[in-house]
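Sequence order for the protein chains is A and B.
Going left to right, the first sequence walks through residues 0 to 157 as numbering that gives the first Met the number 0 numbers them.
Going left to right, the second sequence walks through residues 0 to 157 as numbering that gives the first Met the number 0 numbers them.
Protein chains: 2
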Amino acid sequence: MEHRIEKIKKQLHSQSYKLTPQREATVRVLLENEEDHLSAEDVYLLVKEKAPEIGLATVYRTLELLTELKVVDKINFGDGVSRYDLRKEGAEHFHHHLVCIECGSVEEIEEDLLLDVEKIVESQWGFEVKDHRLTFHGICRVCQKQAVTASSAEENKK
Amino acid sequence: MEHRIEKIKKQLHSQSYKLTPQREATVRVLLENEEDHLSAEDVYLLVKEKAPEIGLATVYRTLELLTELKVVDKINFGDGVSRYDLRKEGAEHFHHHLVCIECGSVEEIEEDLLLDVEKIVESQWGFEVKDHRLTFHGICRVCQKQAVTASSAEENKK
DNA sequence: TTGTTAAATAATAACGATTATCATTAACAG
DNA sequence: CTGTTAATGATAATCGTTATTATTTAACAA
Ligand SMILES: [Mn+2]
Ligand SMILES: [Mn+2]
Ligand SMILES: [Zn+2]
Ligand SMILES: [Zn+2]
Chain A
0 MEHRIEKIKK QLHSQSYKLT PQREATVRVL LENEEDHLSA EDVYLLVKEK APEIGLATVY
60 RTLELLTELK VVDKINFGDG VSRYDLRKEG AEHFHHHLVC IECGSVEEIE EDLLLDVEKI
120 VESQWGFEVK DHRLTFHGIC RVCQKQAVTA SSAEENKK
Chain B
0 MEHRIEKIKK QLHSQSYKLT PQREATVRVL LENEEDHLSA EDVYLLVKEK APEIGLATVY
60 RTLELLTELK VVDKINFGDG VSRYDLRKEG AEHFHHHLVC IECGSVEEIE EDLLLDVEKI
120 VESQWGFEVK DHRLTFHGIC RVCQKQAVTA SSAEENKK
């Protein structure tokens, strides 16, 4: 934890930004909720618990800054809000997501999986890939089981 | 063109929706600008040229309806607006996009490319894939050439 | 035709996420 | 200390989208 904050601090300093208390509080919230996909508002409310004096605008500004520095990735799952996702430590590329269209759960895939596809895109389309966004929409494991249970219950009724 | 409108008309009727003049005008605009990625506002302005009496809310409602029917896909490139993309005729899956981070151009890939990846996701994550969104961010062919030209010009100056 | 109903529409108000503005404060070099 | 610049907090403004409501249209039965 401290190690990662130290790293981010250096990234900020390298572009002559400071790690202010507000920025640090924001980063800590992101680190403590790494598995979630928080909106700016979500982050704001969590930061407020520790540093009640912080303003919403500062959270937005900090998230924007962290996005520029590629500490976080800004992502959009199609509900009306942007969400901020900490880059995995040492990850080359942004990770992928599995969004369940039944329950709304979001699972992560850290494996790259796209190496071959990117090669094809580079060679066949002459496009120099820098980053990617890949999201699958479908039915998660849990909802699949529920569907099976529901349909067998349906069978029994007959 | 007429053929595709006829098809969409049947899709609407199958869910007991009507192809009203406003809806038809909207669909025509989408068909005539199939290569673009229009926002709701863009569609509204183009429809207005032909049917000036149409309201913005109706365009939004129509686009929402067409999205439900999977005639169009709603997509978000990270600028603040949703864009609407007609499904390619007979396409199994939504197509992919190459977004240039230099000039903002958007290129399309109709080839699936994800068959293998989806198999892995299904088998390894137990996730039943229904749809996907894949966007690559990088440098398009044109901007790559410009970079080469610029750097060689730089060389000559020395 | 005429009246009855529900669906669809246009105009516009409301909403909500994000951004801009601006006065105040903190950090810091000289 | 003093001046300078970056950062912040409060809040107004913006802008894409959604909700509301009165009106129009289409379908259809009497
Ligand atoms: Mn994630
Ligand atoms: Mn497209
Ligand atoms: Zn689920
Ligand atoms: Zn380009």
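By construction, the Cβ of each residue, glycine as well, lies at the ideal position given by its N, Cα and C atoms.
Legend entry - Straight-line Cα distance separating N75/A from T19/A: Cα to Cα, T19/A sits roughly 27 Å from N75/A.
Inset, instruction - Output the distance between the C-alpha atoms of K157/A and T148/A, rounded to the nearest integer angstrom. - result: With a pLDDT of 48 at K157/A, under the threshold of 50, the predicted position of this residue should be treated as unreliable, though the coordinate-derived value follows. Inter-residue distance for K157/A and T148/A is about 15 Å (C-alpha atoms, whole angstroms).
Inset, instruction - Could you work out which residues of chain B lie near C102/A, taking near to mean beta carbons separated by less than 7 Å? - result: The premise fails here: C102/A is roughly 12 Å from chain B at the closest Cβ pair, so nothing lies under 7 Å.
Inset, instruction - For my contact list, H92/A and H36/A are in at a C-beta cut-off of 8 Å; report their separation, rounded to the angstrom. - result: Not confirmed; about 17 Å, so no contact.
Inset, instruction - Find the nearest neighbour of Y55/A within the set L68/A, L65/A and D41/A, judged by alpha-carbon distance. - result: Correcting the residue type first, residue 55/A is Leu in the shown sequence and not Tyr. Between L55/A and the set L68/A, L65/A and D41/A, the nearest pair of CA atoms involves D41/A.
Inset, instruction - Output the distance between the C-alpha atoms of C99/A and C139/A, rounded to the nearest integer angstrom. - result: The alpha-carbon separation between C99/A and C139/A amounts to approximately 5 Å.
Inset, instruction - Note down, in chain order, every chain B residue with its Cβ under 8 Å from the Cβ of T148/A. - result: Chain B residues near T148/A: none, gap ~15 Å exceeds 8 Å.
Legend entry - Limits of the alpha helix (DSSP H) - the one that H2/A falls within: E1 to S13 is the span of the alpha helix (DSSP H), which, as asked, contains H2/A.
Legend entry - Contact check, L85/B vs V120/A, beta carbons under 8 Å: Cβ distance not < 8 Å, so L85/B and V120/A don't count as in contact.
Inset, instruction - Measure the alpha-carbon distance for L44/A versus E106/A and round it to whole angstroms. - result: Looking at the two C-alpha atoms, the distance is approximately 23 Å.
Inset, instruction - Determine, using beta carbons only, whether K129/B comes closer than 8 Å to chain A. - result: For K129/B, a Cβ of chain A is located within less than 8 Å of the residue's own Cβ.
Inset, instruction - Just jot down, in chain order, the residues whose CB lies closer than 6 Å to any heavy atom of ligand 3. - result: The set, ordered by position in the chain, is C99/A, E101/A, C102/A, S104/A, C139/A, V141/A and C142/A.
Legend entry - Where S38/B falls: helix, strand or coil (DSSP): Looking at S38/B - three-state DSSP - the assignment turns out to be strand.
Inset, instruction - Tell me, please, whether the CB atom of T66/A is closer than 8 Å to any CB atom in chain B? - result: False, the Cβ-Cβ gap to chain B never drops below 8 Å.
Legend entry - For review: beta carbons within less than 5 Å of any heavy atom in ligand 2: Selection output, chain order preserved: D84/B and E107/B.
Inset, instruction - For E67/A, count neighbouring Cβ atoms within 10 angstroms of its own Cβ and tell me buried if that reaches 16, exposed if not. - result: By the 10 Å Cβ count, E67/A comes out exposed.
Inset, instruction - Step through the CB atoms of chain A and report whether any lies within less than 8 Å of the CB of L55/B. - result: For L55/B, no Cβ of chain A is located within less than 8 Å of the residue's own Cβ.
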